[in-house]
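**Student:** If you scroll down you'll find the structure; I have some questions about it.
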Amino acid sequence: MKVIFTDLVAVFLCMSLGTACEGGPPPFTAGRTLLRVGEGPVEVPVDVLNHGQVLFHRYCASCHGYEGRGDGPAARNLEIKPRDFQAAQFLHGSAGAGELPADSDLKRTIRTGVTTRGMPAWGGMQDADLDALVSYIKTFSPRWQPAPTAP
-7 MKVIFTDLVA
3 VFLCMSLGTA
13 CEGGPPPFTA
23 GRTLLRVGEG
33 PVEVPVDVLN
43 HGQVLFHRYC
53 ASCHGYEGRG
63 DGPAARNLEI
73 KPRDFQAAQF
83 LHGSAGAGEL
93 PADSDLKRTI
103 RTGVTTRGMP
113 AWGGMQDADL
123 DALVSYIKTF
133 SPRWQPAPTA
143 P
């Protein structure tokens, strides 16, 4: 009982303090080009990525981990482990298993949650916050990087 209480206190503090727990990766210094399923590559500005990082640390890192591996401090208390964003293998998308989901799929999952897997719904997030969070999640895996073009 004491271990669970201690874990819950740690998760609460990390969620409350956001980036203060474990620090996480440094802020972005430049934008990134990321794939958008059905739209092609899109340049995401640095301020959007940094905003997404702050949101991820505040709302997601306690379960998904600061490196997006699904190994956050709260993950050990979940029967089904959180998604590993570095592997970029998603279950809830319109493209099908193993395929990258559309941004709308990721936003819907964040907004409505997946309560059967322990993920809460973040229905109160504004669209700009969801867009920033989705863009940040994509930075964890090279699967979201556009293929290099031949010279």
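Sequential numbering of the sequence shown, starting at -7, is according to this note's numbering. Yeah, the Cβ is synthetic: ideal placement off N, Cα and C, and Gly gets one too.
Hey, would you say PHE77 sits closer than 8 Å to PHE132, going by beta carbons?
**Tutor:** It is a contact, given that the beta carbons lie within the stated cut-off.
**Student:** How is the alpha helix (DSSP H) around LEU122 delimited, first residue to last?
**Tutor:** That run of the alpha helix (DSSP H) goes 119 to 130.
**Student:** Would PRO65 pass as a contact of PHE82 if the rule is Cβ separation under 8 Å?
**Tutor:** Against a cut-off of 8 Å, the Cβ pair of PHE82 and PRO65 comes out as no contact.
**Student:** May I have the straight-line CA-CA distance separating THR104 from ASP119, to the nearest angstrom?
**Tutor:** Straight-line Cα distance between these residues: approximately 13 Å.
**Student:** In the DSSP output, what is PRO33 paired with across the bridge?
**Tutor:** PRO33 is bridged to LEU27.
**Student:** Let me check understanding here. Comparing Cα to Cα, which of ALA22, ARG135, LEU26, GLU71 lies closest to ALA90?
**Tutor:** Reading off the sequence shown, one finds Gly at residue 90, where the question assumed Ala. Looking at the Cα atoms, ARG135 is the closest of the given residues.
**Student:** Taking 8 Å as the cut-off, does the region 110 to 125 touch the region 30 to 47 (at least 3 CB pairs, one atom from each stretch)?
**Tutor:** Yes: the two stretches touch, three or more of their Cβ pairs being nearer than 8 Å.
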